[in-house]
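Our numbering numbers the first residue of the sequence shown as 3 and each following residue consecutively. Reading through the structure tokens given below for one structure.
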Amino acid sequence: MASTVLHISGQAPQSPAILSLKEFQLKNGIGPWMARVRIVRMWHELDFMRTNDVTSLDLLLLDDDNDYRAYFNWNTDVTPLESTTAPIPGHKFFFTEFEALAVAATNTYLIDVVGVLTSHTNLQQVKRSSGDAAFMRELTLENISGMKLRVTLRGDSTSELTRNLDAHELNPKPIVDVVAGAYVKQYLGKPSLSSTNATKIYFDLDIPEVLHVRERSSHRTFFMQQSQFMIASTLFVTPGITIEECFLFRVPYLPQKLM
């Protein structure tokens with residue numbers, strides 16, 4: 003997303019200097035103050051289980067220091083920037099390892115994870131307590147150690163997954179998926195993720211964590227289950243073997259039911 007200037011003031015603008023969000027905390031009195039930030043995520047907070055009405059518009063803003071929270075006043079002015087030389091990254095995540103999710107299930111923080119997408123379901127229709135229909139999908143991620151994680155998507159998250167899948171339909175490489183802004187719950191005694199109104203889905207981002215997963219998974223073969231296409235990282239480079247050779251060893255990382 004484009005960078006944005008926030009102008010917070012009780013007076014007319016007087017060409018204020020650009021401050022970081024951290025510097026806002028050190029100021030006393032009335033501005034005008036200005037910060038240059040990037041909107042890295044934006045979502046509507048919805049009353050999902052009842053009326054599905056929008057209750058707020060939430061933004062995740064990032065600046066050079068990216069440690070502080072800013073609250074908009076009634077007179078906050080937001081001005082998009084066409085371009086900027088500020089060193090603000092396009093994305094910000096706090097990834098949790100799959101192995102640490104069981105501990106994270108006891109807190110109320112939203113979770114970011116990254117892994118290879120190995121399966122997904124079709125759209126399923128569910129009913130809210132109000133009687134209205136909603137949609138749900140499930141997907142499975144796998145990390146570099148082979149641990150799998152179940153993710154349940156509801157609402158707009160299902161559409162995000164569909165758009166990303168359509169864009170990668172002809173891509174023979176495994177899809178490295180980032181699920182951001184989900185919460186941890188227990189399912190059949192194992193930690194799983196469930197989407198919130200803030201959940202975002204990203205495929206194959208150009209960030210170090212995604213590149214690391216791709217490099218560590220490049221030798222593995224993934225078959226996309228319950229979908230209209232197959233993802234196989236070695237589809238065109240895996241050497242052929244005879245039926246007799248299949249009984250001499252097990253191909254690593256294939257789903258058990260395919261063995």
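Beta carbons are placed, not taken as given, at the ideal position from N, Cα and C, and that holds for glycine.
- A contact between stretches requires three or more CB pairs, one per stretch, nearer than 8 Å, and the segment 93-104 meets this requirement with the segment 200-216.
- Assigned with DSSP and collapsed to three states, residue 114 falls in strand.
- Contact between the segment 97-110 and the segment 185-195 is present, with at least three C-beta pairs closer than 8 Å.
- Nearest Cα to residue 139 within the set 100, 158, 148: 158.
- Going by beta carbons, residue 215 and residue 113 fall outside the 8 Å limit.
- Contact between residue 41 and residue 63 holds: CB atoms are separated by about 6 Å, below the 8 Å threshold.
- In chain order, 142, 144 place their CB closer than 6 Å to the CB of residue 150, counting only its own chain and leaving out the 5 sequence neighbours on each side.
- In this chain, the beta strand (DSSP E) harbouring residue 193 covers 192-196.
- According to the DSSP secondary-structure assignment, residue 179 is paired through a beta bridge with 117, 205.
- For residue 46, the enclosing beta strand (DSSP E) stretches over residues 35-48.
- DSSP places residue 85 in no beta strand (DSSP E); its state is neither H nor E.
- Around the C-beta of residue 180, 16 or more other C-beta atoms lie within 10 Å, and the residue is accordingly described as buried.
- Taking the Cα of residue 190 as reference, the smallest distance to any Cα among 104, 46, 219 is reached at 104.
- Remark: C-beta atoms of residue 160 and residue 125 approach each other more closely than 8 Å.
- For residue 217, the uninterrupted alpha helix (DSSP H) segment begins and ends at 210-219.
- Within 10 angstroms of the beta-carbon of residue 65 lie 16 or more other beta-carbons, which makes it buried.
- Secondary structure note for residue 159: its alpha helix (DSSP H) is the uninterrupted segment 158-169.
- Contact between residue 118 and residue 194 does not hold, since their C-beta atoms are separated by about 17 Å, which reaches or exceeds 8 Å.
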